[in-house]
Amino acid sequence: MGLAAIMADVEKVEVVVAHDERATLRVGDVFLKIDADRTRTDVEVEAMALAPIPTPEVLWRRPPVLALAALPGMALGRLGEPSPASSAAWAAAGAAARTLHDAPLPPWPGRRLDELASRLDGECEWLVTNGVLPTDVVTRNRQVADAALRPWEPVFMHGDLQITHVFVDDDEITGVLDWSEAARGDALYDLAVLTLGHEEHLDDVVAGYGTDVDLDVIRGWWSWRSLVAARWLVEHGFDPSLPGCEFDVLRARM
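Going by my numbering, the sequence shown opens with residue 307, and the numbers climb by one from there.
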C-alpha cells in the first residue's frame, strides 16, 4: 500500500510520539515510524520476524520510514493512569512474555552487565548534581537497583515492554509494538518494565508467566529503569514527575 493510497481515505494525521530521534504518526489504520537511526529499524523488523508472539504486520519499508498495520484492541494501559485492562489481560501479557523468553535467542547481543552498571552510576550522578531528585531518593534506589545487576541467563528480551506497547482485546494479546530494543537480556527486566508504575498487577503478570520470579530483582529493575530514564525523558519533553510516573516509582522505594 502506498502513502498516497493511505492518505486518500483519511481525514487527519495523528502524531503518536515525536522527538529529535524518532517520530510515529498514525494515518488511518497505518502507523508510520520515522527513525533517524536505521540500525534501530533493522533490529525492529528482524525481531518482529523472529518473535513467536503477535506483532504488527510490516506493510512496507522505505528508510527512514517503516509502515506498520494498526493492531486491534487497546493498549494494556498508560504509565500514570489506572489500567483499563482486566487481571486476565495482564496475565495474558505475562504468558506472552514467557513465550518470547522461551524462544531461541536473537543473533545479536544485548548490553553487558558492566555497561548497565556504568550507565546507572552516570545517571545517578547527573540526577544529584543537577538537583533533579533528592540525594537520599537517588542513593536508596541505587541500592535497590543492585539486586538487578547480577549475572543472568540470557533470553530473547523485548527490551521496552511498557504497557503502551502491549495490545489486548477480550483479554487476549493482539500484538506487541516497538521492538527496536530487542536483544539478548534478562527476562526479569521485561517483566519489570511491563509492571513499572502498576505494581498492583505484578501478581497477575507472574501468574501468567508461570514460574517463580525474584521480586527483589523486579524491584531492582524498577529502580534502574526509572533512574536511567529520567534524563532522557526530561531532555525530550516528557515529565517523569507526573503522578504515578518514574519519580513516584522511585519515591515508593523509600
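Virtual Cβ for every residue (Gly too), placed ideally from N, Cα, C.
Tell me the residue span of the beta strand (DSSP E) that contains F544. Careful: F544 lies outside any beta strand (DSSP E) and carries neither H nor E.
Same chain only: Cβ atoms within 6 Å of L372, ignoring 5 sequence neighbours per side: K339, T347
What three-state label does DSSP hand G383 in the structure shown? coil
Can the beta-carbon of L455 be found closer than 7 Å to that of A423? yes
T330: first and last residue of the uninterrupted alpha helix (DSSP H) it sits in: Careful: T330 lies outside any alpha helix (DSSP H), inside the beta strand (DSSP E) at 328-333.
How long is the line joining the alpha carbons of A493 and A513, rounded to whole angstroms? 15 Å
Output the boundary residues of the beta strand (DSSP E) element that contains T480. 478-482
I'd like to know whether the C-beta atoms of V447 and S392 end up nearer to each other than 7 Å. Strictly speaking, residue 447 in this sequence is Asn, with Val absent from that position. Taking 7 Å as the Cβ cut-off, N447 and S392 do not qualify as a contacting pair.
Less than 8 Å between C-beta atoms, sequence neighbours within five positions excluded: which residues of the same chain meet that for M307? Low per-residue confidence applies at M307: pLDDT is 47, beneath 50, and the placement is therefore not dependable, though the value from the model is reported in the following sentence. Once the five neighbours on either side are set aside, the close Cβ partners of M307 are V336, L365, W366, A373.
Own chain residues within Cβ distance below 6 Å of V461, not counting five before or after: H407, A493
Starting from the C-beta of M313, find all residues in its chain whose C-beta is less than 7 Å away, skip the five residues before and the five after it, and write them out in chain order. Low per-residue confidence applies at M313: pLDDT is 49, beneath 50, and the placement is therefore not dependable enough to give any value.
Identified DSSP bridge partners for W366: A373
In the DSSP assignment, the alpha helix (DSSP H) including L497 goes from what residue to what residue? 493-501
When T330, V319, G543, L533 are compared against V434, the one with the closest alpha-carbon: L533
Which residues bound the beta strand (DSSP E) around E320? 319-324
L508 lies in the alpha helix (DSSP H); which residues open and close that run? 508-515
N- and C-terminal bounds of the beta strand (DSSP E) containing D341: 336-341
When you compare each of W458, A324, V323, D496 to T405 by their alpha carbons, which one comes out closest? D496
Exposed unless 16 or more other CB atoms sit within 10 angstroms - verdict on M560: exposed
Expressed to the nearest angstrom, what Euclidean distance is found between the alpha-carbon atoms of E387 and V472? 15 Å
Quick check: T470 and R531, are their CB atoms within less than 7 Å of each other? no
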